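Protein chains in written order, with the working numbering: chain A, 26 to 650; chain B, 26 to 650.
Protein chains: 2
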Amino acid sequence: MRRSIATVSLSGTLEEKLRAAARAGFDGVEIFENDLVASPLAPREIRALASSLGLGIDLYQPFRDFGGVTEEQLAADLRRAEAKFALMVELGADTLLVCSNTAPDAIDDDALVAEQLYRLAEAARPYGVRIAYEALAWGTHVSTYGHTWDLVRRADHPGLGVCLDSFHVLSRGDDPAGIRDVPGDKIFFLQLADAPRMAMDVLQWSRHHRCFPGQGDFDLAAFTDHVLAAGYDGPLSLEVFNDVFRAADTGRTAADAHRSLALLEDAVLRRREENGDGAPEQLVRLPDPVPPRRFAFVEVAADTSATAEARAVLEALGFTHTRDHRSKPVELWEHGGTRILLNATDPRLGHTWDRAAAITAVGLDTDRPDRALERAGALSAPPLPRRRDPAETDLHAVAAPDGTAVFFCPDAGPGDQAWLDDFSAPAVHHPRDEAGPRLTGIDHIGLHQPFDQFDEAALFYRSVLGLSPSESTDLAAPDGLVRSRALVHRASGLRIALNVSVLGFGEHTRAAGGAQHIALGCEDVFAVAEAMRAHGRPPLRVPDNYYADLAARTDLAPATVERMRAHGVLYDRDPGTGAEFWHCYTPLLDGRLFFEVVQRGAGYEGFGARNTPVRMALHRAERDS
Amino acid sequence: MRRSIATVSLSGTLEEKLRAAARAGFDGVEIFENDLVASPLAPREIRALASSLGLGIDLYQPFRDFGGVTEEQLAADLRRAEAKFALMVELGADTLLVCSNTAPDAIDDDALVAEQLYRLAEAARPYGVRIAYEALAWGTHVSTYGHTWDLVRRADHPGLGVCLDSFHVLSRGDDPAGIRDVPGDKIFFLQLADAPRMAMDVLQWSRHHRCFPGQGDFDLAAFTDHVLAAGYDGPLSLEVFNDVFRAADTGRTAADAHRSLALLEDAVLRRREENGDGAPEQLVRLPDPVPPRRFAFVEVAADTSATAEARAVLEALGFTHTRDHRSKPVELWEHGGTRILLNATDPRLGHTWDRAAAITAVGLDTDRPDRALERAGALSAPPLPRRRDPAETDLHAVAAPDGTAVFFCPDAGPGDQAWLDDFSAPAVHHPRDEAGPRLTGIDHIGLHQPFDQFDEAALFYRSVLGLSPSESTDLAAPDGLVRSRALVHRASGLRIALNVSVLGFGEHTRAAGGAQHIALGCEDVFAVAEAMRAHGRPPLRVPDNYYADLAARTDLAPATVERMRAHGVLYDRDPGTGAEFWHCYTPLLDGRLFFEVVQRGAGYEGFGARNTPVRMALHRAERDS
């Protein structure tokens, strides 16, 4: 279907917004009046620019506080409207969004409102403009789509229809199924916005916290399905008031927005098929997700000074430096089937941060890398150009929003990865049954996100890799709140945790709270901790106060707590299931990167978030000391 | 009275919090358990550190979800409590905060809760610990102070009393007057927090948006008065959960906090005197505010390259370079009694920003500079050291939170300011009746604030200068939302507008949206705009679209709108009173600083905020071009 976006959803000047919308692949835009008023471009110039970019101007908005007014006010409103109609002719926009009246003194008289809407539509007719009437959730007397449809039906003017906005319908808890009863040709426009469920004033919720479909808690696939079932075939248009998007990079936000619509169309299509409904041919299907089976590798880049320490830590964790890349200064470190690439160059193209040690790439074993790449491409994640020797394996990769490269590795079973051929033959036979405690693989990775890319990143991993997002949790770091959200693939157990500074402010946007980490699974965290100590790299020391509190609030035996204290092991227990979790940390490498060793008791699905503020305080203290 | 602060109100590690609290002048702290748990310091070391800093540990907190539990749970809770009592002995803390139970399965049985509270207090007795029981506004069954007092009275244990928290009482709309009926010796602790009125879930409101007294909408003077009237003589303690403070500079926040308590004590004292109540002798009175009469000067610092353009703009605005400072490269520019200092050095000590042109100082004519300085000192704003020649005038100055120096100038009437003697005798006779349009003075200045100092800055100007804050307004800049708040002295008309990025993120924290400005009042904005054009520095050009919209939404005559368009004059009208406002802007100087020329119709009290997003977009486009 035609995809549009309201200019208010993006940051920047009107011209920047139009260019970004076009680049992201949108077919049209809604022009928000404030953007036009502040633009030095004349309406005809805006029309020409949009046209040259291949964008239609699908809507001009908003026309506020119309309907249910005195005759004197109506005269002023019609005069105001005529000026907008004339403007729209120059813009080449044929639909005007009219919002339900929010004035406290609006008159509660449906006959009057219908008559005034008729007069407005009649005034618009000579200009070739039609009126799309929308109920704001906080309208004084008109606040539901059902009411707007009653009024539109009553006014009965060919140039008058309703505009449906998913936020206004779903925020009120209205049943959207009734939309099916509205004739499709009387639905003049469809605005889509998702939102997290928040217990707050609906006006503030609407103005600050909307997000793109798939980033909030509303069922937009069902909503859109109802609208299409009614016969609507106009644009799917995003109108998202969001404080972060208003300040974020315009191009990134536009790509994020377009990805959300691709995902929504696909979801609607699948829903209709599941329900045995016919799927409109204009809905575009995405290639099926190709589930990742496991982490093939995680690549860490570090400056020369940090590389030596990284090697020591990897050794202490039980990894062996097994091979070297044939053409690049990249070392392969292995422990069983667990692989970490240590990159001493600086390939962090696309990374917007400083040069501290960082996770620069993750490899995922997948059955069909070509199909994974195809899906990613359909989700506005084009393939990364390979910087490689022609003789090397052609690995498919895309860039995540934070710049991390995501490689789709052909899954030929452990130990038989084709990409390993890019590395020298093993200097020593790879010690499959090495002595020492066993790591069971990469349990998860933790990636701190740039402030304005958190929702985008979650949608990216969810849609491109088919991961399921968990609830967000806010953690009190010593430098401010950090929001954390995990994305998990249930079948494979692949987990990625995303963190972000809640306010986009303060030191932790880059340092301790902003750390990245690789969490390694094991079957005996105490044995790993012991081995780390034996290698001169003991886990981060945890304060005695932590263990005193742990002993007070749990029924753990004193000897058990003492053993944890001696090894720097932290503990969590799921209050519902009683499932247990043990974990320990390394100090920060280069002020940015750390390793975690985790042992999951049966059924534990979390990440020990309760202990994260303690870890953050320790890493901060270490950094400052 | 004794002044305390909860460690959760500040950012950083426990040690940093203690040091900052002591430096700010607090007498004690509440230790928040999470801060202790994450600290490498043993409880005895914390006690020793606090003691060495002159801080008492007035409270240990929180002990959650106690009361109304099964006997089995009670046993676990008492075991947990005993561990905390033992810890408190080591800490030297004698009061434990116990919150009302928020567990969904808490038992609604007052007799049971009272009995369990009695048993807790009895268990605490051997440790010399007493229990302060607090109602959380979202407690499952116990959520009001009246209910806690009922339970405490019922339990009737000498070691059990109530803890009152202004947020929990006032957020629910409870009448605090009933506190007068609680015996003062059963009020074991008093926690103070203010908050802006917000229509949202009370738990989220409490956890994220509390602020220091005087920064929100609660009447804390009345609340505190009731508590003192009841006979309470313990600490006034700040417990403020605030997302910004959690990320802000620890020392600044502590100073801000201490200032708020000084102001609160003074307000309580005055309230009691007004009501004919006796004022407890432990309440400290502040020196009376010394109202500013007018801006004596505003000092602008600019690098050499920007100085030439600044001179051209000042000339175009009708200023004359009349004198030079005797010992510094500072020029005095005058227009009638309006004075701007142009500083070509870089005296921006204390400024945390970049080196773009900036307002570095404001001078205020005041009757008693010595008394103004004395009040500032009592409000944690110590005098700035003067960097001056011994022969120069001894001007009193303090630093505002953003580093702007605020000078208190002796008010000897216009044209007779002693500080002018620091400047060379006028080269030309100061042309009092110069030709050209007349400026009427400095209407206001606009200062963009560092993200974490907005509430602090408002409290600073309010308390130190005695200005009245207006409501905050959020404005949609092209780079994100900007929050704006004006502080006004009604009698003198002195106005300062503070702006801040709502999210502390994005370009506008430093650039266009982050601009500073000096607004000059006049009686004929068109004449000033014409003179600016004649001097080759016309006002910023405003888009035709703005005027088309203005014509559509107002009844202004077309010729009037055309005249505004021709001069780049923007327009606002107070919807209530019909009072009018006209203003125009200069381009940005050095990407940071601009001048505004304003003409106020009778009764107009605003700042043309409606037009600010247009101005921001224009300045941004200009910067990017």
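All C-beta atoms, glycine included, are put in the ideal place defined by N, C-alpha and C.
All values derive from a computational prediction rather than experimental measurement.
(request) Give me the Cα-Cα distance between Ala333(B) and Asp468(B), rounded to the nearest whole angstrom. (result) Note on geometry: alpha-carbon atoms of Ala333(B) and Asp468(B) lie some 24 Å from one another.
(message) Buried or exposed for Gly628(B), going by 16 or more other Cβ atoms inside 10 Å?
(response) exposed
(request) Please report how far the alpha carbon of Pro435(A) lies from the alpha carbon of Leu398(A), in whole angstroms. (result) 12 Å
(request) Report yes if the CB atom of Arg598(B) is closer than 8 Å to the CB atom of Glu587(B), and no otherwise. (result) no
(request) Within 10 angstroms of the Cβ of Gln229(B), are there 16 or more other Cβ atoms? Answer buried if so, exposed if not. (result) The Cβ neighbour count for Gln229(B), taken over all protein chains shown within 10 Å, is under 16; the residue is labelled exposed.
(request) Using alpha carbons as the reference points, say which of Arg348(B), His233(B), Gly53(B) lies closest to Asp446(B). (result) Comparing C-alpha distances from Asp446(B) to each of Arg348(B), His233(B), Gly53(B) shows the shortest one belongs to Arg348(B).
(request) Determine, using beta carbons only, whether Ser196(B) comes closer than 8 Å to chain A. (result) Using a Cβ-Cβ cut-off of 8 Å, Ser196(B) does not count as an interface residue toward chain A, since no Cβ of chain A sits closer than that to its own.
(message) Is it buried or exposed, Arg351(B), if we count other Cβ atoms within 10 angstroms and call 16 or more buried?
(response) With fewer than 16 neighbouring CB atoms inside 10 Å of its own CB, Arg351(B) falls in the exposed class.
(request) Quick one: give me the first and last residue of the beta strand (DSSP E) that Tyr158(A) is part of. (result) 155-159
(request) Using a Cβ cut-off of 7 Å, pull out every chain A residue sitting near Val8(B), in sequence order please. (result) Residue 8(B) lies beyond the residue range present for chain B, which begins at 26 and ends at 650; the question has no answer from this structure.
(message) Using the Cβ count rule (16 or more neighbours within 10 Å means buried), how would you classify Ala321(B)?
(response) buried
(request) Would you kindly work out how many angstroms separate the C-alpha atoms of Val54(B) and Ala287(B), rounded to a whole number? (result) Rounded to whole angstroms, the gap between the alpha carbons of Val54(B) and Ala287(B) is 16 Å.
(request) Could you name the residues of chain B that Gly256(A) contacts, counting a contact when the two beta carbons are closer than 9 Å? (result) What Gly256(A) touches in chain B: nothing, since even the nearest Cβ is about 35 Å away.
(message) So, at 7 Å on beta carbons, what are the nonlocal neighbours of Asp576(B) in its own chain, with the 5 sequence-adjacent residues on each side left out?
(response) Checking the sequence shown, residue 576(B) turns out to be Ala, not Asp. Correct list, in chain order: Pro583, Val586.
(message) In whole angstroms, give me the CA-to-CA distance for Val323(B) and Pro503(A).
(response) 38 Å
(message) Could you check whether the Cβ of Ala202(B) sits closer than 8 Å to any Cβ belonging to chain A?
(response) no
(message) Using the Cβ count rule (16 or more neighbours within 10 Å means buried), how would you classify Asp580(B)?
(response) exposed
(request) Determine, using beta carbons only, whether Gln651(A) comes closer than 8 Å to chain B. (result) Residue numbering for chain A in the displayed model covers 26 to 650; residue 651(A) lies beyond these limits and cannot be assessed.
(request) With distances taken Cα to Cα, identify the nearest neighbour of Thr329(B) among Pro317(B), Ala382(B), Gly301(B), Ser34(B). (result) Ala382(B)
(request) Alpha carbon to alpha carbon, how far is Ser36(A) from Ser191(A)? Give it in angstroms, no decimals. (result) 22 Å
(message) Less than 6 Å between C-beta atoms, sequence neighbours within five positions excluded: which residues of the same chain meet that for Asp123(A)?
(response) Position check: residue 123(A) holds Val in this sequence, whereas Asp was assumed. Counting only Cβ-Cβ distances below 6 Å, and skipping sequence neighbours, we find Phe88, Phe91, Ile156, Tyr158.
(request) Starting from the C-beta of Ala282(A), find all residues in its chain whose C-beta is less than 7 Å away, skip the five residues before and the five after it, and write them out in chain order. (result) Ile30, Ser34, Ala49, Phe237, Leu263
(request) Taking Thr127(A) as the query, report the chain B residues whose CB atoms sit under 8 Å from its CB, ordered along the chain. (result) The premise fails here: Thr127(A) is roughly 14 Å from chain B at the closest Cβ pair, so nothing lies under 8 Å.
(request) Drop a sphere of 10 angstroms on the beta-carbon of Asp390(B), count the other beta-carbons inside from all chains shown, and report buried for 16 or more, exposed for fewer. (result) buried
(request) Spell out whether any CB of chain B is found under 8 Å from the CB atom of Ala501(A). (result) yes
(request) Look up Trp352(A) in the DSSP assignment and say whether it is helix, strand or coil. (result) The residue asked about is misnamed: residue 352(A) is Ser in this sequence, not Trp. Note: Ser352(A) maps to coil in three-state DSSP.
(request) Could you list which residues in chain B have their beta carbon closer than 8 Å to that of Tyr571(A), in chain order? (result) Val62, Ala63
(request) Kindly provide the ranges of any alpha helix (DSSP H) runs that are 4 or more residues long and lie completely inside the stretch 447-491 of chain B, ordered along the chain. (result) Listed in chain order, they are 479-490.
(message) So, does the stretch 179-199 of chain A touch the stretch 159-169 of chain A, judging by three or more C-beta pairs under 8 Å?
(response) yes
(message) Which residue marks the beginning of the beta strand (DSSP E) containing Ile56(B), and which one marks its end?
(response) It spans 53-57 - the beta strand (DSSP E) in which Ile56(B) sits, taken as one unbroken run.
(request) In angstroms with no decimal places, state the Cα-to-Cα distance between Arg457(B) and Asp477(B). (result) Note that Arg457(B) scores a pLDDT of 48, beneath 50, so its modelled location is shaky; the value from the coordinates is reported in the next line. Cα to Cα, Arg457(B) sits roughly 43 Å from Asp477(B).
(request) List the residues of chain A whose Cβ lies closer than 7 Å to the Cβ of Met225(B), in chain order. (result) Ala224, Met225, Asp226
(request) Return the residues of the stretch 572-594 of chain B that lie within a Cβ-Cβ distance of less than 8 Å from chain A, sorted by chain order. (result) Ala573, Asp574, Ala576, Ala577, Arg578, Asp580
(message) Can you give me the C-alpha to C-alpha distance between Leu245(A) and Leu512(A), rounded to a whole angstrom?
(response) Approximately 20 Å between the Cα atoms of the pair.
(request) Going by CA-CA distance only, name the one from Arg104(A), Phe551(A), Pro564(A), Pro426(A) that's closest to Tyr610(A). (result) Pro564(A)
(request) Excluding the 5 residues preceding and the 5 following Phe344(B) in the sequence, name in chain order all residues of the same chain whose CB lies nearer than 7 Å to its CB. (result) Excluding positions up to five away in sequence, the list reads Trp358, Glu359, His360, Ile365.
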